[in-house]
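K.L.:
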Amino acid sequence: MSFFDIIQYYSWDTIKDQIYSKTSRDVEGALTHAGNVDLNDFMALLSPAASEYIEAMAQVSQQLTMKRFGKTIQLYIPLYLSNECTNGCVYCGFNHANKIARKTLSIDEIKKESQKIKEMGFEHILLVTGEHPKKAGFQYLYEIVQEMTKMFSMVSIEVQPMKVKEYSKLQEVGLNSVYLYQETYNQANYRHYHPSGKKSDFRHRLETPERIGKAEVHKIGLGVLLGLEDWRIDSFFTAFHLRYLQKHYWKTNYSISFPRLRPFAGSYQPNYKISDKQMVQLITAYRIFDENLELALSTRESPYFRDHTFPLGITTMSAGSKTEPGGYNEEHRHLEQFQVADDRSPEDIEEVIENKGYEAVWKNWDEALYCNKK
Numbered sequence: 002m003s004f005f006d007i008i009q010y011y012s013w014d015t016i017k018d019q020i021y022s023k024t025s026r027d028v029e030g031a032l033t034h035a036g037n038v039d040l041n042d043f044m045a046l047l048s049p050a051a052s053e054y055i056e057a058m059a060q061v062s063q064q065l066t067m068k069r070f071g072k073t074i075q076l077y078i079p080l081y082l083s084n085e086c087t088n089g090c091v092y093c094g095f096n097h098a099n100k101i102a103r104k105t106l107s108i109d110e111i112k113k114e115s116q117k118i119k120e121m122g123f124e125h126i127l128l129v130t131g132e133h134p135k136k137a138g139f140q141y142l143y144e145i146v147q148e149m150t151k152m153f154s155m156v157s158i159e160v161q162p163m164k165v166k167e168y169s170k171l172q173e174v175g176l177n178s179v180y181l182y183q184e185t186y187n188q189a190n191y192r193h194y195h196p197s198g199k200k201s202d203f204r205h206r207l208e209t210p211e212r213i214g215k216a217e218v219h220k221i222g223l224g225v226l227l228g229l230e231d232w233r234i235d236s237f238f239t240a241f242h243l244r245y246l247q248k249h250y251w252k253t254n255y256s257i258s259f260p261r262l263r264p265f266a267g268s269y270q271p272n273y274k275i276s277d278k279q280m281v282q283l284i285t286a287y288r289i290f291d292e293n294l295e296l297a298l299s300t301r302e303s304p305y306f307r308d309h310t311f312p313l314g315i316t317t318m319s320a321g322s323k324t325e326p327g328g329y330n331e332e333h334r335h336l337e338q339f340q341v342a343d344d345r346s347p348e349d350i351e352e353v354i355e356n357k358g359y360e361a362v363w364k365n366w367d368e369a370l371y372c373n374k375k
């Protein structure tokens, strides 16, 4: 059975009732199970009752992170290849209906952008596109991944869903990770946020991580867009999805990201806001749930929040990000997907990390991988 088949037996409203009915005793029990937390415990850590235990959760989360990852923060940078998209996602600046300039970088332009990134010192690059099969499909990505693996120690993608054989071919030429977010697991409301385009197919997107797993890609990144639906319920289903994948594709590593809605070319506003305190609750809940998870925090978050939150369980952060094609050589704000909140240079972020007694690893990636195995 695919994960889609399994979750047909789970009611969104029932899961919501279970999470919101958790008590202080449930939270305390979950904390005593740290390192062996099940989905029921995770519900307690997500619940409103856990809001009184965030300091305790942070302490446990720090201990687990230190045990597994040490004081190492890995930095990466996204390279936006294209903002062309055939989807009509209501929350996204790349929505095909938005009246913005469109651009897909040529190979020469990509090499120019990559050289700029290389000069900044990065060894981990995340290739990002809108979802446009003709303008930025598999053949386009295949050629680019081949080129990027010549320049960078680690190459990841965040692009449209693909077939098993396509992921396999990318993996064969050096692709390390695929990040693909369901955005929301609320099947009843999913089409409201994705009214047109291939992304409107809830099942096709939900089953994509299984295709990635079958292709034996090294790492799969999951997440939801915080602001669409109740973050507590969406996060439960994300963790449920994670456990399914870990059971069936146990050789693969996994990552969780925490993207919050940011201003973009459009007028969509969050339905369910998540406060900074609740974000800390969510991050620490995931670390207590699984001490081996990579937890990533992007430049969507403010400098203040990132500086004070990364020691609580985060292992990976982006730095110096531009969300528009060609943004590292020239500023093209009219092409961007969303506005970043932390626009500090990688050097500035590295200084903050090191002032807190951590090591920011972005130039010596092999060393970072070694540290994570200790």
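Here my numbering = 1-based position in the sequence shown + 1. We put the beta carbon where it would ideally sit given N, CA and C, even for glycine.
1. Starting from the Cα of phenylalanine 290, find the closest Cα among Thr33, Gln270, Glu302, Ile16 and give me that residue.
2. Does the Cβ-Cβ distance between leucine 283 and phenylalanine 259 come in under 8 angstroms?
3. Below 8 angstroms CB to CB, which residues in the same chain sit around asparagine 272 once its five sequence neighbours on both sides are set aside?
4. Grab me the residues of cysteine 112's own chain with a C-beta within less than 8 angstroms of its C-beta, minus the 5 sequence neighbours each way, in chain order.
5. Please determine if the segment 141-159 and the segment 190-204 are in contact, where contact requires at least 3 C-beta pairs separated by less than 8 angstroms.
6. Which residues bound the alpha helix (DSSP H) around methionine 121?
7. Is the separation between the beta-carbon of lysine 68 and that of glutamate 360 shorter than 8 angstroms?
8. In angstroms, rounded to a whole number, what distance separates the CA positions of threonine 185 and valine 225?
9. Could you tell me whether the segment 33-52 touches the segment 248-257, using the rule of 3 or more Cβ pairs below 8 angstroms?
10. Let me check understanding here. Comparing Cα to Cα, which of Gly321, Gly327, His309, Gln340 lies closest to alanine 59?
11. Tell me whether the beta-carbon of serine 1 lies closer than 8 angstroms to the beta-carbon of valine 61.
12. Since threonine 105 and proline 326 are thought to touch, with beta carbons under 8 angstroms apart, how far apart are those beta carbons, to the nearest angstrom?
13. What's the call for arginine 26, buried or exposed, on a 16-neighbour Cβ count within 10 Å?
14. As a quick exercise: from Met121, Asp14, Glu331, Ser236, pick the residue whose alpha carbon is nearest that of arginine 288.
15. Helix, strand or coil, according to DSSP, for lysine 220 in the structure here?
16. Alpha carbon to alpha carbon, how far is tryptophan 13 from glutamate 331?
17. What is the C-beta distance between threonine 150 and valine 174, in whole angstroms, given that I count them as a contact (C-beta under 8 angstroms)?
18. Output yes if chain D places a C-beta closer than 8 angstroms to the C-beta of isoleucine 289; else output no.
19. Using only alpha-carbon positions, find the residue among Asn84, Ala189, Leu65 that is nearest to glycine 36.
20. What's the gap between the Cα of serine 346 and the Cα of valine 353?
21. Assign tyrosine 141 to one of two classes, buried (16 or more other C-beta atoms within 10 Å of its C-beta) or exposed (fewer than that).
22. Starting from the N-terminal side, write out each stretch of the beta strand (DSSP E) that is 3 residues or longer and does not extend beyond the segment 276-342.
23. Compare the beta carbon distance of methionine 121 and glycine 321 with 8 angstroms and say whether it is the shorter of the two.
24. Are there three or more Cβ pairs, one per stretch, closer than 8 angstroms when the segment 190-201 is compared with the segment 163-173?
25. Return the bridge partner residues of arginine 261 from the DSSP annotation.
26. For the beta strand (DSSP E) containing proline 134, list its first residue and its last residue.
27. Kindly provide the ranges of any alpha helix (DSSP H) runs that are 4 or more residues long and lie completely inside the segment 10-79, ordered along the chain.
28. Nearest to histidine 249 by alpha carbon, out of Ile234, Gln340, Glu217, Arg263?
P.N.:
On the basis of the data shown:
1. Thr33
2. yes
3. Gly228, Leu229, Glu230
4. Just to set this straight, residue 112 is lysine in the shown sequence, not cysteine. Around lysine 112: Glu148.
5. no
6. 108-121
7. no
8. 5 angstroms
9. no
10. His309
11. Nothing can be reported for residue 1: it is not among the residues displayed for the chain, which extend from 2 to 375.
12. 7 angstroms
13. exposed
14. Ser236
15. strand
16. 45 angstroms
17. 6 angstroms
18. Absent here is chain D; the protein component of the structure consists of one chain.
19. Leu65
20. 11 angstroms
21. buried
22. 295-298, 317-319
23. yes
24. no
25. Leu227
26. Segment: none, proline 134 is in no beta strand (DSSP E) and carries neither H nor E.
27. 13-21, 25-33, 40-47, 55-70
28. Glu217
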